[in-house]
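Enquirer:
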Amino acid sequence: MTRSQAPHFSPVAAVGPSGGGSVVRPLRPVADRVLIVGLDGATFDVLDPLMDAGRMPNLKRFIAEGVAGTLMSTRPPITPAAWTTFMTGKGPGKHGILDFEKYDPRRHELSFNSTYEIREKTIWELLSEKGLRVGSVNVPMTYPPKPINGFMVSGFETPSVKAEFTWPPELKQDIFRILPNYNYRTNWKRKALGGDDVLRENLEYICNSFDQGWTLTQHCGDAYGWDVLMVVFKLVDNLQHKAWKYLDPRTAPRYGERAEWAAQCFKRLDDALGKLLQYAADRGATVMIMSDHGHGSLEGKAQPNLLLKRWGYLTLRSPWEQAGQRAAHWVHRLTKGKVTRFEQGNRGIESELAVDWSRTRACVMHAGIYGFLYLNLKGRQPHGIVEPRDYDRVRDELVEKFTTVTAEDRHGRSIRIFPEVYRTEQLYGCRRDENPDLPDLLLSPAPGLAVVRKIRGGRSVRWSSEDRMEGTHRVEGIFAMGGPNVKRGARVNAEIVDMAPTLLAALGLPVPVDMEGRVLREPFTLEPVVEREPPVKKVMEEHGVVYSEQDKKILEKRLSELGYLE
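So my numbering is basically just the index in the sequence shown, starting at one, shifted up by 99.
Structure, rendered in structure tokens:
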């Protein structure tokens, strides 16, 4: 199905104050309307001390008057996998999104994921087909936007405002009218010696994004009407990646004024939350606040490809071959521009890691907090050497090696670098023949570590000094709910896969039987009615090129700044 063949939804507000007043809901709803606020990467480890210090009174009051708890993320706990799981109610084994990028083993190429790679219908599509009015602002994994019954402003993976980033298309110019400087830049500037002025400029940019999120949500919500409306504040995650040492209660006291400036960003976030909560209350809406994953200190970077090289599973080209390859890359750069990891063929992959594939049995092809390891399988990869009959044996060997390998941390204590190593078909409950692009193994590092693909130096873990500490993801995110028919003061823990089925049931709609999450009953004073309906299959669309070469360079730079593409 091409874009021109997609279902047509009118951009004009529907009947009723919510935009969906004529919709008949087959079950008893416990929520008339729902506002969802995403705080990307938020953690109670940061929010609790800020609320206790009086810096986030709106969030503190909302939690006190409703329910809250830990929301467990996907594995890996990374933005694309987690938000897609939220939107589909299904795990990565079904929806197909594990990371910002994907590796195609048959073509030996890396590429960026987009909405065209999501194999399951999202809540925006399901609700639209039921006749409900929906609005989505800056939710990751919504580019390019698809036709829905309402409006959509795409998320973090949008390359720039030159792209078509809205549905309906004419909304784009309306956004520029109310926010002339609207853009998708992350804009974290660096200065060689570090400077207070640069830091304050960076933090103010993030604060302004919170103000813009509120402005855009209110404007579009009023213009199009809504039954379900969502906004994600993506730069909460960026703030914690870059300024973690100023926010972590263990280290913030050392940084005085800089820690104060970082804390003030959350005050600005709370101001935006206060406006959104009042906006919802005025319209009788239930509110869900959530994060896609949590956050914690990044204390070191694990180098699994160094270990694979040390164990004899990965071989790099000779120094002479590497020198020739570097020369070829410089010729390419001088004649065609800088090589990216997404070049056709293996040019981009090997610009960062000069692998001799004729002598390599396994390699971590990309890393997004976790490591995505592929065997170099004969008959699958172009230069595969592992015989299919040896697949299970080699994979079992690697599980044993990775789960037992240790390193000394900064304090001289021995730690297991990879406490968990997953066979992906077992982790996601799917079949490999139906998911041929899944990594053969998923390497989960110890808390405080992130996996990198590149090899630098000779240590299995490159530890960071405390004064250079940044942030990285944890599986423990946040969840809170308030409004009509929501309990007061209860503790509710959940998983991110539970959010979509809970939303549907709360709205009085049946839940597709193949959704993997459960309907949360604990938050409500009036228990939702849960009925199942047959699965709603998605027809994958034919599409042309989504990201131009320039788009890829923009996204590669944006993600590299956060440490995602190392």
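Here a beta-carbon is modelled for each residue, glycine too, at the ideal position from N, C-alpha and C.
Between residue 582 and residue 316, which are expected to be in contact by the criterion C-beta below 8 Å, what is the C-beta distance as a whole number of angstroms?
Expert: The residue labelled residue 582 in the question sits at position 483 within the sequence shown. The residue labelled residue 316 in the question sits at position 217 within the sequence shown. About 16 Å; that fails the 8 Å criterion.
Enquirer: Do residue 635 and residue 225 count as a contact pair if the criterion is CB distance below 8 Å?
Expert: As a position in the sequence shown, residue 225 is number 126, starting the count at 1. As a position in the sequence shown, residue 635 is number 536, starting the count at 1. It is a contact, given that the beta carbons lie within the stated cut-off.
Enquirer: Report the residue ranges of all alpha helix (DSSP H) runs contained in full by the stretch 218-274; include only those spanning at least 4 residues, in chain order.
Expert: As far as the stretch 218-274 is concerned, its whole alpha helix (DSSP H) runs of at least 4 residues are 222-228.
Enquirer: Applying the criterion that 16 or more other CB atoms from any shown protein chain within 10 Å of the CB defines a buried residue, is residue 480 buried or exposed?
Expert: Here residue 480 corresponds to residue number 381 of the sequence shown, with the count starting at 1. Residue 480 comes out buried.
Enquirer: When the Cα atoms are used, what is the spatial distance from residue 731 to residue 378?
Expert: Here the chain covers residues 100 to 665 and nothing more, so residue 731 does not appear.
Enquirer: Specify the secondary structure class of residue 517 as computed by DSSP and reduced to three states.
Expert: Here residue 517 refers to the residue found at position 418 when the sequence shown is read from its first residue. If DSSP states are grouped into helix, strand and coil, residue 517 belongs with coil.
Enquirer: Taking three-plus beta-carbon pairs below 8 Å as touching, is the stretch 394-403 in contact with the stretch 540-550?
Expert: With the cut-off at 8 Å, the stretch 394-403 and the stretch 540-550 touch.
Enquirer: Going by DSSP in three states, residue 449 sits in which element: helix, strand or coil?
Expert: For the purposes of this step, residue 449 is taken as residue 350 along the sequence shown, with counting starting at 1. The answer is helix: DSSP assigns residue 449 an H, G or I state.
Enquirer: List, from N- to C-terminal side, the alpha helix (DSSP H) runs of 4 residues or more that fit wholly inside the stretch 448-513.
Expert: Runs of the alpha helix (DSSP H) inside the stretch 448-513: 490-503.
Enquirer: Figure out for me which residue from 591, 154, 579 has the closest Cα to the Cα of residue 359.
Expert: For the purposes of this step, residue 359 is taken as residue 260 along the sequence shown, with counting starting at 1. That would be 154, whose Cα lies nearest to the Cα of residue 359.
Enquirer: Verify whether the separation of the beta carbon atoms of residue 559 and residue 401 is less than 8 Å.
Expert: The count along the sequence shown starts at 1 and reaches residue 559 at position 460. The count along the sequence shown starts at 1 and reaches residue 401 at position 302. Taking 8 Å as the Cβ cut-off, residue 559 and residue 401 qualify as a contacting pair.
Enquirer: State yes or no: is the C-beta of residue 651 within less than 8 Å of the C-beta of residue 211?
Expert: To locate residue 651, count along the sequence shown from 1; it is residue 552. To locate residue 211, count along the sequence shown from 1; it is residue 112. Cβ atoms of residue 651 and residue 211: closer than 8 Å.
Enquirer: Report back the beta-carbon spacing between residue 248 and residue 231 to the nearest angstrom; my notes put them in contact at under 8 Å.
Expert: Taking the sequence shown and counting its residues from 1, the one referred to as residue 248 is at position 149. Taking the sequence shown and counting its residues from 1, the one referred to as residue 231 is at position 132. Right, their Cβ atoms sit about 7 Å apart.
Enquirer: For residue 161 and residue 527, what's the separation of their Cα atoms in angstroms?
Expert: Within the sequence shown, numbered from 1, the residue matching residue 161 stands at position 62. Within the sequence shown, numbered from 1, the residue matching residue 527 stands at position 428. Cα to Cα, the separation comes out at about 34 Å.
Enquirer: Hey, how far is the Cα of residue 557 from the Cα of residue 591?
Expert: Counting from one through the sequence shown, the residue named residue 557 turns up at place 458. Counting from one through the sequence shown, the residue named residue 591 turns up at place 492. In a straight line, the C-alpha of residue 557 is about 45 Å away from that of residue 591.
Enquirer: Are residue 204 and residue 646 closer than 8 Å when you measure CB to CB?
Expert: On the sequence shown, residue 204 is found 105 positions in, with the first residue counted as 1. On the sequence shown, residue 646 is found 547 positions in, with the first residue counted as 1. Against a cut-off of 8 Å, the Cβ pair of residue 646 and residue 204 comes out as no contact.
Enquirer: Quick check: the Cα distance between residue 625 and residue 166, rounded to an integer number of angstroms?
Expert: The residue you call residue 625 lines up with position 526 of the sequence shown. The residue you call residue 166 lines up with position 67 of the sequence shown. Their backbone Cα atoms lie some 14 Å apart in a straight line.
Enquirer: Is it right to say residue 201 is buried, meaning 16 or more other beta carbons lie within 10 angstroms of its own, or is it exposed?
Expert: The sequence position of residue 201 within the sequence shown is 102, counting from 1. The residue is buried, with at least 16 neighbouring Cβ atoms inside 10 Å.
Enquirer: Please list, in chain order, all residues of the same chain as residue 486 whose beta carbon is under 7 Å from its beta carbon, the five residues on each side excluded.
Expert: To locate residue 486, count along the sequence shown from 1; it is residue 387. Here the set comprises 477.
Enquirer: Looking only at its own chain, which residues have a Cβ that is under 7 Å from the Cβ of residue 467, when we skip the five neighbours before and after it?
Expert: As a first step, residue 467 is located in the sequence shown; it is residue number 368 there, counting from the start. 175, 177, 198, 199, 663, listed in sequence order.
Enquirer: Just to confirm my understanding: we take residue 445, look at its own chain, exclude 5 residues before and 5 after, and list those with CB closer than 6 Å. What are they?
Expert: Counted from its first residue, the sequence shown places residue 445 at position 346. With a pLDDT of only 47 at residue 445, under the threshold of 50, the placement of this residue in the model should not be trusted, and no figure is reported.
Enquirer: At the level of alpha carbons, what is the spacing between residue 495 and residue 489?
Expert: The sequence position of residue 495 within the sequence shown is 396, counting from 1. The sequence position of residue 489 within the sequence shown is 390, counting from 1. Those two C-alpha atoms are separated by around 10 Å.
Enquirer: For residue 533, which of 135, 453, 191, 619 has the nearest alpha-carbon?
Expert: Position 434 of the sequence shown, counted from the first residue, corresponds to residue 533. Of the listed residues, the one whose Cα sits closest to residue 533 is 191.
Enquirer: Quick one: residues in its chain with C-beta nearer than 8 Å to the C-beta of residue 628, no 5 flanking neighbours on either side, listed in chain order?
Expert: On the sequence shown, position 529 is the one that residue 628 refers to. Closer than 8 Å at Cβ, skipping near neighbours: 126, 127, 604, 607.
Enquirer: Using the Cβ count rule (16 or more neighbours within 10 Å means buried), how would you classify residue 277?
Expert: Counted from its first residue, the sequence shown places residue 277 at position 178. Residue 277 should be labelled exposed.
Enquirer: Can you tell me which of the three DSSP states residue 397 falls into?
Expert: Numbered from its first residue, the sequence shown carries residue 397 at position 298. Three-state DSSP puts residue 397 in a strand.
Enquirer: Can you name the start and end residues of the alpha helix (DSSP H) that residue 174 belongs to?
Expert: Numbered from 1 along the sequence shown, position 75 holds the residue referred to as residue 174. Note, residue 174: premise wrong, no alpha helix (DSSP H); not H, not E.
Enquirer: Out of 158, 324, 529, 296, state which residue places its alpha-carbon closest to the alpha-carbon of residue 51.
Expert: The question about residue 51 has no answer here: the residues shown for the chain are numbered 100 through 665.
Enquirer: Determine the extent of the beta strand (DSSP E) in which residue 559 is found, giving its start and end residues.
Expert: Against the sequence shown, residue 559 aligns to sequence position 460. Residue 559 -> no beta strand (DSSP E), and no H or E assigned at all.
Enquirer: Buried or exposed: which applies to residue 311, given that a residue is buried once 16 or more other Cβ atoms fall within 10 Å of its Cβ?
Expert: Walking along the sequence shown from the start, residue 311 turns up at place 212. That one is buried.
Enquirer: Hey, how far is the Cα of residue 598 from the Cα of residue 296?
Expert: Along the sequence shown, one-based indexing puts residue 598 at 499. Along the sequence shown, one-based indexing puts residue 296 at 197. One C-alpha to the other measures close to 41 Å.
Enquirer: Report yes if the CB atom of residue 639 is closer than 8 Å to the CB atom of residue 218, and no otherwise.
Expert: By 1-based counting over the sequence shown, the position of residue 639 is 540. By 1-based counting over the sequence shown, the position of residue 218 is 119. Yes, they are a contact pair.
Enquirer: The ligand GTP and residue 234: does the residue's C-beta get closer than 7 Å to at least one heavy atom of that ligand?
Expert: This structure does not include the ligand GTP; it has no bound ligands of any sort.
Enquirer: Does the distance from the CB of residue 614 to the CB of residue 245 come in under 8 Å?
Expert: Against the sequence shown, residue 614 aligns to sequence position 515. Against the sequence shown, residue 245 aligns to sequence position 146. Cβ distance not < 8 Å, so residue 614 and residue 245 don't count as in contact.
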